[in-house]
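Numbering (my numbering), first residue to last: 1 to 350.
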């Protein structure tokens, strides 16, 4: 590493440039992952809470077997069919309604109606409602009664930070939900035991059983949003590997004569690989650590106003991916120089 460190000092501005580029790419990748996680939380956190115990969910399906939670509505007969296959089945209702916040238009919220506890969400007593943090932000944390769809309900407690399709959530019992969403059918879906027999609970030709992850995937807006953001993240990771690889490819050509001299003096290929990749490791360590750290600090600063999640998945994971891809790009780009014949390399450098 002596030769590598000496080059880092003598060509400090070149390495500062590529380190700055890596830092900016790291900010973009970590920031995009944090934003993706934050948007996902505001899109499906209520569904994840419902499926937190591993329950399965019965949904109506079209002729191709596809499910769409936004359009799902089960009839009373279909709910009864599911209950026949699993006596512990719990109907679940989801509907978008209006919360009166004192303005002319009101605030849109998603009412979750439950006949019994599902996952980590339990219904309140009839005539009462549980509100999420997002509802508190709209009407205040100390309000005792709220008006939903023209019905006054007493606030019995809080559900935490639950969202559905970027809309704050309220939780009621199923009968209250029916009065709030009369066009929502008998239920939107039915939660069944994790080991329920698919043929028994989905005996109706128009029903299908999905796992908890499948319930999240049944939300079209979340699928489209997550696919777009994941594609952008993948492209940024690929760009990082390409940029680092291109820099060290050019740098390798410029130091071709020095490498040839070292090989002529007896330096092994393995030692030169360690030396060259060590340079890339230093650049990546500084750039990635700085970029991910800046993204995390910005995320913590704006977390109250922007849906942004700072966690190991949005900091350590992108840091590891960027480091691995950057090192891979550097190693591949330097291979032709490190495997070149010393005499040929020296001749080409003259």
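Even glycine gets a Cβ: it sits at the ideal position worked out from N, Cα and C.
Pick from the options that is closest to residue i, judged by C-alpha positions
i	options	result
residue 142	58, 191, 155, 151	155
residue 139	216, 107, 257	107
residue 223	67, 162, 31	67
residue 213	112, 191, 205, 26	191
residue 122	205, 46, 245, 284	46
residue 216	200, 196, 41	41
residue 12	331, 333, 279, 235	279
residue 75	87, 85, 62, 91	91
residue 112	97, 232, 319	97
residue 86	57, 299, 102, 323	57
residue 244	226, 211, 284	284
residue 233	144, 321, 126, 114	321
residue 63	291, 315, 207	207
residue 101	238, 135, 274, 261	135
residue 22	329, 298, 317, 291	291
residue 352	209, 330, 164, 82	Look at the range of the chain in this structure, 1 to 350, and you will see that residue 352 is not part of it.
residue 327	168, 288, 299, 180	288
residue 312	9, 14, 15, 34	34
residue 60	51, 49, 73, 53	73
residue 209	197, 220, 219	197
Collapsed DSSP secondary structure at residue i in the structure displayed
i	result
residue 178	helix
residue 53	coil
residue 168	strand
residue 305	coil
residue 330	helix
residue 217	helix
residue 187	strand
residue 64	coil
residue 311	coil
residue 162	coil
residue 139	helix
residue 299	helix
residue 153	strand
residue 229	helix
residue 69	coil
Residue i versus residue j - alpha carbon distance
i	j	result
residue 133	residue 170	10 Å
residue 301	residue 308	10 Å
residue 271	residue 230	38 Å
residue 281	residue 177	57 Å
residue 294	residue 25	12 Å
residue 20	residue 166	35 Å
residue 241	residue 248	11 Å
residue 89	residue 203	14 Å
residue 118	residue 55	8 Å
residue 28	residue 332	24 Å
residue 43	residue 78	27 Å
residue 324	residue 18	16 Å
residue 319	residue 31	12 Å
residue 149	residue 314	38 Å
residue 211	residue 69	13 Å
residue 151	residue 130	14 Å
residue 128	residue 175	11 Å
residue 82	residue 144	37 Å
residue 180	residue 99	11 Å
residue 15	residue 330	13 Å
residue 227	residue 172	32 Å
residue 103	residue 147	12 Å
residue 168	residue 162	7 Å
residue 239	residue 225	21 Å
residue 80	residue 50	21 Å
Assigned exposure category for residue i - 16 Cβ within 10 Å defines buried
i	result
residue 259	buried
residue 305	exposed
residue 251	buried
residue 65	exposed
residue 407	Here the chain comprises residues numbered 1 to 350, so residue 407 is not present and cannot be evaluated.
residue 195	exposed
residue 275	buried
residue 105	exposed
residue 114	buried
residue 182	exposed
residue 137	exposed
residue 160	exposed
residue 266	exposed
residue 269	exposed
residue 316	exposed
Near the ligand FMN: residue i beta-carbon under 8 Å from a heavy atom
i	result
residue 260	Looking at this structure, you won't find the ligand FMN or any other ligand, since it has none at all.
Within the region 76-136, note down every full beta strand (DSSP E) run reaching 3 residues or more, in order along the chain.
90-100, 107-114, 128-132, all fully within the region 76-136.
For the region 245-290, list the alpha helix (DSSP H) runs that are entirely contained and at least 4 residues long, ordered along the chain.
Those alpha helix (DSSP H) runs which fall completely within the region 245-290 and span 4+ residues are 256-264.
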